[in-house]
Every structure is written in structure tokens, then in C-alpha cells.
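Each protein sequence line maps, in turn, to chains H and G. For the first sequence, my numbering gives the first residue as -1, with consecutive numbering after it. For the second sequence, my numbering gives the first residue as 180, with consecutive numbering after it. The beta-carbon is built from N, C-alpha and C at its ideal position, and this holds for glycine as well.
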Amino acid sequence: DQQVKQNSPSLSVQEGRISILNCDYTNSMFDYFLWYKKYPAEGPTFLISISSIKDKNEDGRFTVFLNKSAKHLSLHIVPSQPGDSAVYFCAANRVEYGNKLVFGAGTILRVKS
Amino acid sequence: NAGVTQTPKFQVLKTGQSMTLQCAQDMNHNSMYWYRQDPGMGLRLIYYSASEGTTDKGEVPNGYNVSRLNKREFSLRLESAAPSQTSVYFCASSELQANTGELFFGEGSRLTVL
Chain H
-1 DQQVKQNSPS
9 LSVQEGRISI
19 LNCDYTNSMF
29 DYFLWYKKYP
39 AEGPTFLISI
49 SSIKDKNEDG
59 RFTVFLNKSA
69 KHLSLHIVPS
79 QPGDSAVYFC
89 AANRVEYGNK
99 LVFGAGTILR
109 VKS
Chain G
180 NAGVTQTPKF
190 QVLKTGQSMT
200 LQCAQDMNHN
210 SMYWYRQDPG
220 MGLRLIYYSA
230 SEGTTDKGEV
240 PNGYNVSRLN
250 KREFSLRLES
260 AAPSQTSVYF
270 CASSELQANT
280 GELFFGEGSR
290 LTVL
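Following this line, the structure appears as C-alpha cells:
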């Protein structure tokens, strides 16, 4: 049973438009949610996070929204750029368990120019 | 500043062979982790080490052993490789006090077991 789910294996978006990547979770005890970005043949890199006590966190073109009642979070990228094409992993963390992240399966984002 | 370095980057094994994946970090982090990435499964935690001298099992520890050699190094050993262990392996490190969960990953080691 996956605690963190990314139900869309892939997403294709036109350059300049908004990309919305979605993630659902089942464990209401998670304290932080994170997004990681991964290019081929590289390791994942941290992109943005949000605490469970907040509903929005913004960093430049990237915004993460958290809806705790729906156990759902989303990553918005505006405007999307071809360099954003990568695999995006949603992850969740419980502070009392250390930084043992639970990851979703990932969504492949392709931004077309 | 190299960050997290993994060796080897590629390895092909026959069933039953053993090997060790090496990982070293130069960020003075206390915690280190081994994950495996499989298609459709995301990244799954194999073992982690909260601090030097401690190790503990993650979600998928069967068939693996680890050694936290010192603060910098954390190795993953496959004693008798099986085709189900064909995967991409990632080592990561973090500051335990950074409770947000930000991990720093290596570039990965692609292992194929025939």
C-alpha cells in the first residue's frame, strides 16, 4: 500500500503555460511534503517543500499547494520552460522518524517548445 | 564540493555474485541513506544511518547489508545478487536536525543482475 501516490505517469505542456503535478497521500501524520526533480542519469534534487501547517509555499516559478482535508498536494510551475522537462517525485516526511522520506512513483513532465 | 559520490556508476553481475556499492559525502552530514529506484515504484528506502555507528532497516532491506564506516562513508552490500535486485541505487545524506526532509542524492549506480 503506497502512502504517497502520483497517479499521472506523464504530463505534456506547452512552453509558457502552467504545469500542474498532483500527489495524494494517505497518512495524516506526515509533517512535511517535498518535491524532487530528476534528470536522466542524475540523482534527484530538492525543489520545494511545504510544512503540514501551511497551505501554500512559493519559490519563484514553483508553488506547492497543500489541501490537508483532501490529503492532496500539487506543484504548479508557471511559466513552464523546456528545461523543466524531468521526472518529478512527490515525497513525505514524519519528523519523529528522521528524514526517511516516502516517495511517490514520479511524473514525467515534458515541456514542448 | 563533490557532495555525494557513488561508485561504481554501472555494474553487471551474475546471479549469486556479491558486490559492494560505495558512497561518500563531504558535507559533514550526520545521516545517510540508500534508496533503490524501480519503474513505477518511485524511490524505496533500503537502509539508513541516522548517525555514525548506527544503521537501521528501511522499507526493502531483504538481500542487503550496510556498513557506516565513518561519518563520511556508507556502503551497501549485496551478498548473493538476484535478478530482482536489478535497479538504480541512490545514496543520499542529510542533516538529521533538518527535519524538513531535504536529502542530497548521489548520481546513482545502475546495477544489472543476470
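One question on the structure: do residue i and residue j come within less than 7 Å of each other, judged by their Cβ atoms?
i        : j        : result
H:Pro42  : G:Phe284 : yes
H:Ser10  : H:Arg108 : yes
G:Leu255 : G:Trp213 : yes
G:Phe253 : G:Met198 : no
G:Leu200 : G:Tyr243 : no
H:Gln4   : H:Ala103 : yes
G:Asp205 : G:Ser266 : no
H:Leu34  : H:Phe44  : Before going further, note that residue 34 of chain H is Tyr rather than Leu in the sequence given. A contact, by the Cβ cut-off of 7 Å.
H:Ile48  : H:Phe31  : yes
H:Lys54  : H:Tyr23  : no
G:Gln196 : G:Cys270 : no
According to the neighbour-count rule (16 or more other Cβ atoms, all chains shown, within 10 Å of its Cβ), is residue i buried or exposed?
i        : result
H:Arg15  : exposed
G:Gly219 : exposed
H:Gln12  : exposed
H:Ile51  : exposed
G:Leu224 : buried
H:Leu71  : buried
G:Gly287 : buried
H:Ser111 : exposed
G:Ala229 : buried
G:Ala181 : exposed
H:Val76  : exposed
G:Leu290 : buried
Applying a beta-carbon distance threshold of less than 7 Å, which residues of chain H neighbour residue i?
i        : result
G:Met220 : Ala103
G:Ser273 : Asn97
Run through chain G and tell me which residues come within less than 7 Å of residue i, C-beta to C-beta.
i       : result
H:Lys66 : The contacting residues do not exist; H:Lys66 stays about 17 Å from chain G at best.
Can you list the residues of chain H that residue i reaches, using a CB-CB cut of under 8 Å?
i        : result
G:Tyr227 : Gly96 and Lys98
G:Glu286 : Ala39, Glu40 and Gly41
G:Gly237 : Lys98
G:Phe269 : Gly41 and Pro42
G:Ser210 : Gly96 and Asn97
What does DSSP give as the partner residues of residue i in its beta bridges?
i        : result
G:Ser228 : G:Met211
H:Leu71  : H:Cys21 and H:Leu64
H:Thr43  : H:Lys35
H:Arg108 : H:Ser10
H:Asn55  : H:Val62
H:Asn91  : H:Tyr30
G:Met198 : G:Leu257
G:Ala149 : Because chain G spans 180 through 293 in this model, residue 149 of chain G falls outside it and cannot be assessed.
Taking C-beta pairs closer than 9 Å, name the residues in chain H that residue i reaches, listed in chain order.
i        : result
G:Leu224 : Lys98, Leu99, Val100 and Phe101
Residue i versus chain G: which residues are under 9 Å apart at the beta carbon?
i       : result
H:Leu73 : Simply none; closest approach about 15 Å.
H:Ser47 : Thr279, Gly280 and Glu281
Name, please, each residue of chain G whose Cβ falls closer than 8 Å to the Cβ of residue i.
i       : result
H:Leu32 : Thr279, Gly280 and Glu281
H:Phe87 : Gly221 and Leu222
Between the region 72 to 90 of chain H and the region 258 to 269 of chain G, do three or more beta carbon pairs fall short of 8 Å? no
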